[in-house]
Amino acid sequence: MARIKICGVRDRAAIDAAAAGRADYVGFVFFAKSPRNLSLDEAGGLAGAVPSGIRRIGLFVNADDEAIGAAVRAARLDGVQLHGDEGPDRVAAVKARFDVEVWKAISVATRADLADARRYAGVADRILFDAKTPTGAALPGGMGVRFDWRLLAGDRGGFDPGAAWGLAGGLDASTVGEALATTQAPLVDVSSGVEDAPGVKSPAKIRAFCEAVRAR
4 MARIKICGVR DRAAIDAAAA GRADYVGFVF FAKSPRNLSL DEAGGLAGAV PSGIRRIGLF
64 VNADDEAIGA AVRAARLDGV QLHGDEGPDR VAAVKARFDV EVWKAISVAT RADLADARRY
124 AGVADRILFD AKTPTGAALP GGMGVRFDWR LLAGDRGGFD PGAAWGLAGG LDASTVGEAL
184 ATTQAPLVDV SSGVEDAPGV KSPAKIRAFC EAVRAR
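The sequence shown begins at 4 in my numbering and counts up one residue at a time.
Take a look at the structure:
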């Protein structure tokens with residue numbers, strides 16, 4: 004059964020809904036341009052509300068060590084998701100310095116984009132295939148954009164299909180079943196698909212999403 008990550012949580016109600024839906028991860032966003040951005044104080048307060056058994060993942064975009072370290076400490080992060088232009092050397096450096104699980108997001112629009120994942124083989128703990136956002140977009144993800152999931156049904160551009168990976172982009176309760184049937188993704192990551200407005204999570208949509216995944 005696929006694991007579930009609810010990304011961009013900003014309040015206790017969203018965390019409670021994720022827990023009720025038996026999500027495996029919650030995501031805290033540390034990116035000032037995002038409507039889901041958290042201050043360190045906000046993240047620290049929310050971290051205490053996350054039940055044991057649910058892992059806390061922090062999302063960063065081209066952040067420096069100081070910013071990552073402050074968030075890891077404040078939110079007691081179990082993992083770091085790098086969603087910018089970070090190369091394999093940067094991923095390895097973050098993993099070595101902070102001793103946490105490190106995910107790397109790969110933006111996908113065409114099959115050629117999948118080849119980028121090979122650069123992170125043996126470096127990132129998980130590859131997250133996400134939809135490439137439109138040119139000039141302020142955000143690297145969380146916009147409800149979807150790519151052709153059939154691209155992941157084959158060799159994933161040469162990325163080892165046995166390695167840890169996940170799927171994001173355009174997922175909600177009505178589409179995640181198709182996504183899982185098409186890709187057999189071991190993890191699905193949702194943000195805008197469980198919101199009533201940008202940055203405003205819907206507990207009902209979170210529960211419905213989790214139910215749709217668990218029904219597979």
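Idealized CB from N, CA, C, for every residue including glycine. Bear in mind the structure is a predicted one, so any value in this text is a computation, not a measurement.
For residue 13, the closest C-alpha among the options 206, 213, 217 and 212 is that of 206. Collapsing the DSSP output to three states places residue 195 in a helix. Cβ neighbours of residue 148 within its own chain (closer than 7 Å, five residues either side excluded): 134, 136, 172 and 173. With 16 or more other Cβ atoms inside 10 Å of its own Cβ, residue 59 counts as buried. Between the alpha carbons of residue 25 and residue 213 lies a distance of about 7 Å. Between residue 131 and residue 152, the C-beta spacing is not below 7 Å. The residues 63, 83, 97 and 101, in chain order, have a CB closer than 7 Å to that of residue 71 in the same chain once the five nearest residues on each side in sequence are set aside. The beta carbon of residue 93 sits closer than 8 Å to the beta carbons of 85 from its chain, once the five residues preceding and following it are set aside; these are given in chain order. If you check the CB distance, residue 150 and residue 184 do not come in under 7 Å. In the structure shown, the three-state DSSP call for residue 212 is helix.
For residue 121, the three-state secondary structure derived from DSSP is helix. Counting along the chain, residue 71 sits inside the alpha helix (DSSP H) bounded by residues 68-78. When the Cα atoms are used, residue 197 and residue 122 turn out to be separated by approximately 31 Å. Here residue 36 is exposed, its C-beta having fewer than 16 other C-beta atoms within 10 Å. Distance from the Cα of residue 47 is smallest, within the candidate group 99, 79 and 119, for 79.
According to the DSSP assignment, residue 108 belongs to no alpha helix (DSSP H) but to the beta strand (DSSP E) extending over 104-111. The secondary-structure analysis by DSSP pairs residue 169 across a beta bridge with 131. According to the DSSP assignment, residue 31 belongs to the beta strand (DSSP E) that extends over 28-33.
Here residue 188 carries a coil assignment [DSSP, helix/strand/coil].
Residue 200 sits in a strand when the DSSP states are folded into three classes.
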